[in-house]
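Written out below as structure tokens is the structure these notes cover.
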Amino acid sequence: MAPVGGTGFFVSQTEDVLANMPVLQVGQHYFATDTKALYVGTTSGNVFIGPQGVALTSSVTLTSAQLLAINTTPVQLVPAPGAGLYIWPVAYAMEYLFGGTAYSSPAHTNACVITYGNPPATTANEIVVYTWTAATSGIIEATTSCVFQGVCGEGLVTLSIANNAPLMFSAPNAVTGGNGTLKITLTYSILSA
Numbered sequence: 002m003a004p005v006g007g008t009g010f011f012v013s014q015t016e017d018v019l020a021n022m023p024v025l026q027v028g029q030h031y032f033a034t035d036t037k038a039l040y041v042g043t044t045s046g047n048v049f050i051g052p053q054g055v056a057l058t059s060s061v062t063l064t065s066a067q068l069l070a071i072n073t074t075p076v077q078l079v080p081a082p083g084a085g086l087y088i089w090p091v092a093y094a095m096e097y098l099f100g101g102t103a104y105s106s107p108a109h110t111n112a113c114v115i116t117y118g119n120p121p122a123t124t125a126n127e128i129v130v131y132t133w134t135a136a137t138s139g140i141i142e143a144t145t146s147c148v149f150q151g152v153c154g155e156g157l158v159t160l161s162i163a164n165n166a167p168l169m170f171s172a173p174n175a176v177t178g179g180n181g182t183l184k185i186t187l188t189y190s191i192l193s194a
């Protein structure tokens with residue numbers, strides 16, 4: 002059995018899930034469409050993580066180099082789940098670890114975004130729009146380590162955009178000069194389209 006769409010996400014349509022399930026690589030998902038069960042590959046083997054819709058968590062730490070290039074090189078936060086499935090993001094946390102030199106952005110008005118699929122961010126694919134350079138609540142220009150938390154959802158996203166789309170992090174404008182890191186943690190579920 003091959004991964005759906007080359008994403009590393011396997012889908013079963015058989016009655017006997019365990020007998021037909023491949024050995025998953027670490028982080029690889031397996032969704033049994035007949036039983037609505039979700040499995041993930043771990044260093045200990047395949048692990049049942051619950052029925053479809055169960056809450057999952059993904060954490061990605063962006064290096065200083067990734068942050069400095071975030072306007073041209075978006076970062077994948079959650080891989081595409083497979084055809085006929087979509088990611089339902091619920092909440093996020095951004096943990097900024099100050100590295101000794103603060104970042105700067107054009108006119109201190111830059112926003113970062115989490116989108117379905119690759120940028121550019123539009124009202125059609127945006128999940129989170131956060132003004133990370135705001136004077137009182139922005140983290141990217143902070144001179145101390147800090148955390149920002151929020152709920153996902155910017156409005157209506159059509160199912161054709163969400164279906165089998167990864168969650169991506171980007172910013173439309175460059176940040177410069179800093180050397181801290183940013184850890185983004187998302188809580189999400191995988192649902193049938």
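Taking my numbering, the leading residue of the sequence shown gets 2, the next gets one more, and so forth. Glycine included, each C-beta is placed from N, C-alpha and C at the ideal position. All values reported here derive from a predicted model rather than from experimental measurement.
With fewer than 16 other CB atoms across the displayed protein chains lying within 10 angstroms of its CB, residue 60 is exposed.
For residue 88, the uninterrupted beta strand (DSSP E) run begins and ends at 86-98, by DSSP. Assigned with DSSP and collapsed to three states, residue 140 falls in coil, not helix or strand.
Around residue 182, the same chain offers 62, 63, 64, 65, 68, 97, 98, 100 as residues with beta carbons nearer than 8 Å, after the five sequence neighbours per side are excluded.
In the three-state reduction of the DSSP assignment, residue 67 falls in the helix class. The secondary-structure analysis by DSSP pairs residue 128 with nothing; it has no beta-bridge partner. Classified as exposed, residue 161 has fewer than 16 neighbouring CB atoms from the shown chains inside 10 Å of its CB. When the Cα atoms are used, residue 39 and residue 164 turn out to be separated by approximately 17 Å. Judged by their CB atoms, residue 141 and residue 114 are not nearer to each other than the 8 Å cut-off. Contact between residue 144 and residue 103 holds: their C-beta atoms lie close to 5 Å from each other, under 8 Å. Counted as a single uninterrupted DSSP element, the alpha helix (DSSP H) harbouring residue 160 occupies residues 160-163. In this model, residue 146 and residue 22 are separated by some 43 Å (Cα to Cα).
Straight-line spacing of the CA atoms in residue 126 and residue 25 works out to 30 Å.
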